[in-house]
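Everything on this sheet refers to the single structure shown next.
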Amino acid sequence: MRSTQLVSLVTLVFVLIGASIPALADTVETEARRQLSLARADLAAGNFDRATHSAKSALRLDPTLVDALLIQGLAHEGRGELDEGRVLALAYLGAVGWEAADPRAVDLLDPYTDEMPVNIEVEREGKRTIVSFSARDDIEDPVLHWRKPNGNWQSIWMSQNERGDWVHTISLKSSQTSIIWWIEPTVGQPVIDRGEDGEKPFLLALR
């Protein structure tokens with residue numbers, strides 16, 4: 548092969564490689580975002596293992612997708628692995644900053660404690676888990692705030708039973724492993740948003 552032909556061939560190879568690099572980068576970015584989307588969907592569906600796997604794949608393909616850190620942290624929370632979840636939440640907050648962060652990251656860092664302000668009973672009824680709350684007698688006209696891990700807060704005014712105890716019962720699928728809750732003592736006052744009052748949530752493991 549003559550030298551001019553060799554030079555032309557080498558030049559063509561470099562041109563083709565140069566043209567393929569942007570296309571490859573676009574493909575990687577697209578797949579990373581697809582994995583992140585899958586992780587979000589799996590997290591919302593309670594498929595915590597799959598959410599973790601997809602989030603790790605997204606972050607490996609594109610380290611700038613720091614939302615994947617939070618998804619992994621919330622998946623750990625969903626499995627009751629709070630220490631691991633908090634480490635990932637801190638990493639996420641360090642990357643995006645507290646002001647721009649998803650509020651769920653801050654929730655995940657809230658201190659949990661076993662000091663319960665109410666009595667709780669957990670029972671199995673077929674494919675359901677029944678959680679019964681009974682507030683202490685020094686808590687007046689209380690509101691129960693609770694959510695599933697990664698879910699939205701729900702607020703329910705507790706009612707009095709025949710003995711005068713403040714009670715409320717929640718029915719959950721047996722696959723649910725934990726809930727997060729706190730009690731707001733209030734007498735005729737509007738329900739206080741937990742972001743404004745300094746109350747801290749409690750974790751209740753159902754298994």
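Start counting the sequence shown at 548; every next residue gets the next number (this note's numbering).
Note that the Cβ used here is the ideal one computed from N, Cα and C, for glycine as well.
How far does the beta strand (DSSP E) with residue i in it reach, from first residue to last?
| i | result |
| --- | --- |
| R732 | Inspection of the sequence shows that residue 732 is occupied by Pro rather than by Arg. Start and end: 725-732. |
| V678 | 675-682 |
According to the Cβ coordinates, are residue i and residue j closer than 8 angstroms?
| i | j | result |
| --- | --- | --- |
| I727 | A682 | no |
| T676 | L629 | no |
| I686 | W713 | yes |
| A622 | F595 | yes |
| A586 | A602 | yes |
| F680 | V665 | yes |
| S725 | L751 | yes |
| A652 | A636 | yes |
Applying the criterion that 16 or more other CB atoms from any shown protein chain within 10 Å of the CB defines a buried residue, is residue i buried or exposed?
| i | result |
| --- | --- |
| G641 | exposed |
| N697 | buried |
| A647 | exposed |
| G625 | buried |
| Q582 | buried |
| L656 | exposed |
| W693 | buried |
| Q707 | exposed |
| Q701 | exposed |
| G632 | buried |
| A588 | exposed |
| G673 | exposed |
| G620 | buried |
| D661 | The predicted model places D661 with a pLDDT of 39, which falls under 50 and marks its position as unreliable; any figure quoted below should be read in that light. The residue in question, D661, is exposed, as its Cβ has fewer than 16 Cβ neighbours within 10 Å. |
| Q736 | In this predicted model, Q736 has a pLDDT of only 41, less than 50, meaning its place in the structure is not dependable enough to derive any value. |
Residue i and residue j look like a contact to me (Cβ under 8 angstroms); what is the Cβ gap, rounded to whole Å?
| i | j | result |
| --- | --- | --- |
| V575 | L617 | So it is not a contact: roughly 21 angstroms between Cβ atoms. |
| T716 | V678 | 7 angstroms |
| V613 | V643 | 6 angstroms |
| L590 | A579 | The Cβ separation is near 17 angstroms, so there is no contact. |
In terms of DSSP beta bridges, what is residue i paired with?
| i | result |
| --- | --- |
| V613 | V613 pairs with nothing; no bridge assigned. |
| H715 | F680 |
| I703 | L691 |
| L621 | Answer by DSSP bridge pairing: none, since L621 is not bridged. |
| E670 | I677 |
| V665 | A682 |
| L751 | I726 |
For the alpha helix (DSSP H) that residue i lies in, which residues bound it at each end?
| i | result |
| --- | --- |
| E631 | 629-643 |
| K603 | 595-608 |
| D654 | 650-656 |
Taking 8 angstroms as the CB-CB cut-off, is residue i touching chain B?
| i | result |
| --- | --- |
| S706 | In the structure shown, chain B cannot be found, because there is only a single protein chain. |
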